[in-house]
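Down below is the structure, laid out as structure tokens.
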Amino acid sequence: MSRFEECNEQAGFRSCNIMKEKYNFKEIELKWQRYWAEIKLHKTDADASKEKFYCLEMFPYPSGKIHMGHVRNYAIGDVIARYKKMRGFNVLHPMGWDAFGMPAENAAIKHGVHPAKWTYENIDYMKKQLDCMGLSYDWDREVSTCSPEYYKWNQWFFLKLLEKGLAYKKASFVNWCPSCTTVLANEQVIDDKCWRCDTIVIQKELEQWFFMITHYAEELLQGCDELNGWPERVVLMQRNWIGKSEGVEVDFPLDGMNENLKIFTTRPDTLFGVTFMCLAPKHPLTERLIHDKEKFELVKAKYGKMDEKEGLFTGHYAINPLTDERIPVYIANFVLMGYGTGAIMSVPAHDQRDFEFAKEYGIPIKVVIVPENRSQSAPPRADGLEAEMTEAFEDEGVLINSGQFSGLKSSEAKAKIIKYIEDRGMGKGQINYKLRDWGISRQRYWGTPIPVVYCKKCGIVSVPEKDLPVILPEDVKFTGTGGSPLAESGVFLKVKCPECGGEAMRETDTMDTFVDSSWYFVAYCLGKDSINLKSEIKNPQSEINHWMPVDQYIGGIEHAVLHLLYSRFFTRVMRDLGIVDFSEPFENLLTQGMVCKETFRCPEHDWLFPEEVKNSRCVHCSKEVEKGRVEKMSKSRKNVIDPDALINRYGADTMRLFSLFAAPPERDLEWSDKGVEGAYRFLNKLWGIVYKYRNELCVMSNESKQNIVYTSFITRHPSQLLRKTHQTIKRVTDDIEKDYHFNTAIAALMELANELSAFVPEKEEDRFAFSFAIKNTLLMLSPFAPHISEELWQAIGEKNSIFEHPWPVWDEVLARDEEVELVVQVNGKLRTKILVPAGLSDDDAKETAVREPKIKEMLNGRQIKKIVVVKGRLVNIVISER
RNA sequence: GCCGGAGUGGCGGAAUUGGUAGACGCAAGGGACUUAAAAUCCCUCGCAGCUUAGCUGUGUACGAGUUCGAGUCUCGUCUCCGGCACCA
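Reminder that position 268 of the first sequence reads as 852 in the working numbering, one-by-one numbering, no gaps.
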């Protein structure tokens, strides 16, 4: 007795084998979910005899309930996981919870419930929801980032980074959300607003912990070349975010002061065109240079305002080291302190911002670059000063008015000028990145405590490894009035210094939750209760190295920069710690599109839920509703569909099928209630076909167990249905393999089902073909709609789980059509189609086409210039015009 | 502004990579079954015209081009969506 049969017997799952007429999804979905759990169908262990496949979907934040975005994400992942399993891979398919975060704390403030309680209750509920979807997770590997067993390792990473000098503390201006009373990363600020609550973000100076991601900037950039399995646009966004630019740092001596002004430029070829210098308002030298305090405050206030250029002449001059010219020094609001040196050389002729500034303040504009082919326009003035320009010339070209470098092309000149500068000690070549170090401090409770203490005597002391985890205290009040709640906790705050034993205070900030999600994918490899990264260092039997990298990662495009970049950074840190032996965590990435729906708005009641609209009128006031555009489903617009309601009404299989059928995974999906009905109809139709022939199919299925008889039989009796089945296997397999185009795969299955429902098996070979077609339809449908496939599989007399059965293979010969439609064109225009035997030679095709009466008539009296044949498809006869 | 991506029926979307445009689904219209409705099944379905068993034009945002042949390739224009945005 097989393992499955045993389980069946015990659990009684297959004891009642009488098929019902009606498709009762509620009954069968529950039945199979229980069955799969019982036999631990989805449990995975490392198995050297099979090729591994790590299928991972981005884990959710346990906000309370799953939404359609999750449904789509996890349906896609589940199809891939189940398909790969049937293809013989040993598939790792885990799920967990990105469980730290602000909503839990907000709930605590609002409702007085502890974040832990709130979070774990949400996890319980959402886990049930995921199970109701029939997802094939190995729950034995579930992780929750808010558990001390997990966040201990965040703290461990922190200590390792601190040891390596890759974690440090500095005072810095941070993006501060007054509403969330916390710090935000640059990436969390969108259009000057908080990504979560849309409040305007202000600048505030705080002591912050940073991870030195810039240490890996170049490597993270180079690594982009290897991300062949990622969507190009995501790779591009990563590259842009890192933002490498090559140039030179040049020292401009300040006239009459024993001081240099260091600037960075990517255009050393324009150095002869410098007519002023600009400093950022926060540049360390500004305080010493300015006289007009009042005006300075104005400029400072306009820092970061994009629309206005505001400057202040300091009265000081710098010396251009190449020309010895005296250059006026300004303070300007548009110069950023955070990039380069915080000071720039300004070349108004060749930089639009400088140009606008120069016009405003009456500064000369000196042209030093001309287009390479500038013979047609007027020659530049000898002094290079240009009054007539209307905009800067920012392209590269040929140098003029540039001393010994005049006449050179920009590219050559850049190299030569950099060398000239370096040789004379005026500066040096320099590479800058836009990428900033990662500020990880958050003034919040519900996150990983940062494991350091502050001792009056010893200063910053890290918590010894043996004392990890530093656990979040329970005695915390959630008032919502600013600052870190941990600072209020008596038990937590006071601590003995690990070094001197004296009085010390704990760090009260917690870590950005992006730390949690930067390594969770390796935690799954180790399993729920055995996360121990330290023992993974140089471990020859490493489970992590066995399963990683992730073969297919699936998630939303919103993580194109943040999460993915941090994960790539952490993977390199883990590599340098000896935990992993690779650099890129995600081999292939699929970014699924958003789930969208039209919006409804009532003149009186504002946004309406779909169920609040009846016949285009508001159910509350009967006013006509305004139909808005199709937008991403969001609670604020109320254009949402509740997965629970959908499962209740149509079942998980229908919900999965529709969300996979309506659009290819990477594209946005527009929700359609009618479309869902279509998916439901399809499943009902299939149910009806199997029900109608259930008795014959059972007999067939048993007979077909004698494989040899079966195969030789169908080979001797090819039929249209058999051919269609083989063609469908080919199409579905190709569609899944080629970029996971599930929508067309499902369309092919619908076609086959249409053929099945029209088919009336009469002769014995018909019944064989029919049985074969049904079996394969179910096998191919099973990753998409697992419950109904498993149920019908049982109904046709199969004894084992359908997911134990390998994915079907097609036979090229049997898939081949006997007759093909030959398109006949005359001068590229379709004139007729004729049915011809497959494999017709080109000459025969030509002859057949020319002999066709209609074509013959058209050719009458004209000269055939040539005939193009596309084998088995088309004949194009090119004739002379009349 | 810069960098990407996209534009195909009433709608969601197909089209073997240069070879029948509109697969599959939805909606719509007609019919069958039914006392009736729902469900189900069958038929029609890009647009226009005609001498209407059919035929002829025309059609993949717009305009050119390459080719025997273009939704697909090239150039130009427009529109929409995303990312970055004073990065020197």
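Ideal Cβ placement from N, Cα and C applies to all residues, glycine included. Remember, predicted model here, so these are calculated numbers, not experimental data.
Checklist entry - Counting pairs of Cβ atoms below 8 Å between the stretch 656-668 and the stretch 1361-1370, do you hit three or more? => result yes
Checklist entry - In three-state terms, what does DSSP make of aspartate 1190? => result Locating residue 1190 in the first sequence gives position 606, counting from the first residue. Note: aspartate 1190 maps to strand in three-state DSSP.
Checklist entry - Can you name the start and end residues of the beta strand (DSSP E) that glycine 1262 belongs to? => result Within the first sequence, numbered from 1, the residue matching residue 1262 stands at position 678. No beta strand (DSSP E) holds glycine 1262; the alpha helix (DSSP H) holding it covers 1257-1276.
Checklist entry - Which residue from Thr850, Leu1056, Glu1374, Gly653 puts its Cα closest to that of tryptophan 620? => result Mapped onto the first sequence, residue 620 falls at position 36. Comparing Cα-Cα distances from tryptophan 620 to each of Thr850, Leu1056, Glu1374, Gly653, the minimum goes to Glu1374.
Checklist entry - So lysine 884 is in the alpha helix (DSSP H); what residue range does that whole segment cover? => result On the first sequence, position 300 is the one that residue 884 refers to. That run of the alpha helix (DSSP H) goes 877-885.
Next on the checklist: Run through the DSSP bridge pairs and tell me what glycine 895 is partnered with.
Outcome noted: For the purposes of this step, residue 895 is taken as residue 311 along the first sequence, with counting starting at 1. Ala916, per the DSSP bridge assignment.
Checklist entry - Thinking just about the alpha-carbon of each residue, which of Lys694, Trp1394, Val1420 is nearest to the one in glutamate 1403? => result Working through the first sequence from its first residue, we reach residue 1403 at position 819. Nearest of Lys694, Trp1394, Val1420 to glutamate 1403, Cα basis: Val1420.
Checklist entry - Cα separation between phenylalanine 1305 and glutamate 1405? => result Locating residue 1305 in the first sequence gives position 721, counting from the first residue. Locating residue 1405 in the first sequence gives position 821, counting from the first residue. For clarity, residue 1305 is leucine in the given sequence; the question names phenylalanine instead. The straight-line gap separating the alpha-carbon atoms of leucine 1305 and glutamate 1405 is approximately 18 Å.
Next on the checklist: Which of the three DSSP states is assigned to isoleucine 784 in this structure?
Outcome noted: Locating residue 784 in the first sequence gives position 200, counting from the first residue. Looking at isoleucine 784 - three-state DSSP - the assignment turns out to be strand.
Next on the checklist: For a test of the three-state rule: what should DSSP assign to glycine 1023, helix, strand or coil?
Outcome noted: Numbered from its first residue, the first sequence carries residue 1023 at position 439. Strand at glycine 1023.
Item to check | Residue burial classification, glycine 685 (beta-carbon count within 10 angstroms, cutoff 16) | outcome: Counted from its first residue, the first sequence places residue 685 at position 101. The residue is buried, with at least 16 neighbouring Cβ atoms inside 10 Å.
Checklist entry - Can you tell which of Glu909, Ile1002, Trp1131 has its C-alpha closest to the C-alpha of isoleucine 1163? => result Mapped onto the first sequence, residue 1163 falls at position 579. When each option's Cα is compared against that of isoleucine 1163, the closest is Trp1131.
Next on the checklist: If the criterion is Cβ atoms closer than 7 Å, does the pair asparagine 1129 and aspartate 1160 meet it?
Outcome noted: Here residue 1129 corresponds to residue number 545 of the first sequence, with the count starting at 1. Here residue 1160 corresponds to residue number 576 of the first sequence, with the count starting at 1. Not closer than 7 Å, so no.
Checklist entry - Since glycine 653 is in the alpha helix (DSSP H), which residue starts that stretch and which ends it? => result Taking the first residue of the first sequence as 1, we reach residue 653 at position 69. In the DSSP assignment, glycine 653 falls within the unbroken alpha helix (DSSP H) covering 652-670.
Checklist entry - Where does the unbroken beta strand (DSSP E) through leucine 1173 begin, and where does it stop? => result Within the first sequence, numbered from 1, the residue matching residue 1173 stands at position 589. Leucine 1173 -> beta strand (DSSP E) spans 1173-1176.
Next on the checklist: Comparing C-alpha positions only, which one of Leu805, Gly1085, Glu689 sits nearest to cysteine 730?
Outcome noted: Residue mapping note: residue 730 aligns to position 146 of the first sequence, counting from 1. Residue Glu689 is the option with its Cα nearest to cysteine 730.
Item to check | Distance, threonine 925 Cα to histidine 1147 Cα | outcome: The residue you call residue 1147 lines up with position 563 of the first sequence. The residue you call residue 925 lines up with position 341 of the first sequence. Cα to Cα, histidine 1147 sits roughly 29 Å from threonine 925.
Next on the checklist: Please report the distance separating the alpha-carbon of isoleucine 784 from that of proline 762.
Outcome noted: Along the first sequence, one-based indexing puts residue 784 at 200. Along the first sequence, one-based indexing puts residue 762 at 178. In this model, isoleucine 784 and proline 762 are separated by some 8 Å (Cα to Cα).
Next on the checklist: Given this structure, state the Cα-to-Cα distance separating phenylalanine 1076 from tyrosine 752, to the nearest angstrom.
Outcome noted: For the purposes of this step, residue 1076 is taken as residue 492 along the first sequence, with counting starting at 1. For the purposes of this step, residue 752 is taken as residue 168 along the first sequence, with counting starting at 1. In this model, phenylalanine 1076 and tyrosine 752 are separated by some 23 Å (Cα to Cα).
Checklist entry - Do proline 815 and threonine 1175 have their C-beta atoms within less than 7 Å of each other? => result Residue 815 sits at position 231 when you count from the first residue of the first sequence. Residue 1175 sits at position 591 when you count from the first residue of the first sequence. Threonine 1175 sits close to proline 815, with the two beta carbons spaced by under 7 Å.
Item to check | Coarse secondary structure for glycine 1212, derived from DSSP in three states | outcome: The sequence position of residue 1212 within the first sequence is 628, counting from 1. Strand.
Checklist entry - What is the C-beta distance between valine 1410 and leucine 1458, in whole angstroms, given that I count them as a contact (C-beta under 8 Å)? => result As a working mapping, residue 1410 is identified with position 826 in the first sequence. As a working mapping, residue 1458 is identified with position 874 in the first sequence. Contact flag wrong, Cβ pair sits at about 12 Å.
Checklist entry - If you count every other CB in all the chains shown that lies within 10 Å of the CB of aspartate 891, and 16 or more means buried, which is it? => result Position 307 of the first sequence holds residue 891. It counts as exposed.
Item to check | At least 3 beta-carbon pairs within less than 8 Å: the stretch 1009-1020 vs the stretch 826-837 | outcome: Contact between the stretch 1009-1020 and the stretch 826-837 is present, because at least three Cβ pairs lie under 8 Å.
Item to check | Buried or exposed (CB count within 10 angstroms, at least 16 for buried), proline 644 | outcome: Numbered from its first residue, the first sequence carries residue 644 at position 60. Proline 644 comes out buried.
Item to check | Anticipated Cβ contact below 8 Å, glutamine 1027 with valine 767, distance rounded | outcome: Position 443 of the first sequence, counted from the first residue, corresponds to residue 1027. Position 183 of the first sequence, counted from the first residue, corresponds to residue 767. 7 Å between Cβ atoms; contact.
Item to check | Residue span of the alpha helix (DSSP H) that contains cysteine 808, given as start and end | outcome: Taking the first sequence and counting its residues from 1, one reaches residue 808 at position 224. It is not in any alpha helix (DSSP H) - cysteine 808 carries neither H nor E in the DSSP assignment.
Next on the checklist: Let me check understanding here. Comparing Cα to Cα, which of Trp616, Asn608, Cys862 lies closest to serine 1385?
Outcome noted: Indexing the first sequence from 1 puts residue 1385 at position 801. The option with the nearest alpha carbon to serine 1385 is Trp616.
Item to check | Same chain only: Cβ atoms within 7 Å of glutamate 978, ignoring 5 sequence neighbours per side | outcome: One-based indexing of the first sequence puts residue 978 at position 394. Correct list, in chain order: His934, Asp935, Gln936.
Next on the checklist: Looking at the strands, I want to know which residues DSSP matches up with tryptophan 793.
Outcome noted: Taking the first residue of the first sequence as position 1, residue 793 is located at position 209. Beta-bridge partners assigned by DSSP to tryptophan 793: Lys753.
Next on the checklist: Quick check: what's the CA-CA separation for glutamate 1254 versus alanine 1246?
Outcome noted: Your numbering for residue 1254 matches position 670 in the first sequence. Your numbering for residue 1246 matches position 662 in the first sequence. If I take the Cα positions, the gap works out to 7 Å.
Checklist entry - DSSP state of tryptophan 760, grouped into three classes? => result Against the first sequence, residue 760 aligns to sequence position 176. Three-state result, tryptophan 760: strand.
Item to check | Burial state of threonine 628 (16 or more Cβ within 10 Å) | outcome: Residue 628 sits at position 44 when you count from the first residue of the first sequence. Under the 10 Å beta carbon count, threonine 628 is surrounded by 16 or more other beta carbons and is classified as buried.
Checklist entry - Does DSSP put proline 1033 in a helix, in a strand, or in coil? => result To locate residue 1033, count along the first sequence from 1; it is residue 449. The answer is strand: DSSP assigns proline 1033 an E or B state.
Checklist entry - Quick one: Cα of glutamate 1058 to Cα of phenylalanine 918, how far? => result Sequence index remark: in the first sequence, residue 1058 carries index 474 (1-based). Sequence index remark: in the first sequence, residue 918 carries index 334 (1-based). Their Cα atoms are separated by approximately 47 Å.
Next on the checklist: Taking 8 Å as the cut-off, does the stretch 652-659 touch the stretch 690-709 (at least 3 CB pairs, one atom from each stretch)?
Outcome noted: These segments do not touch.
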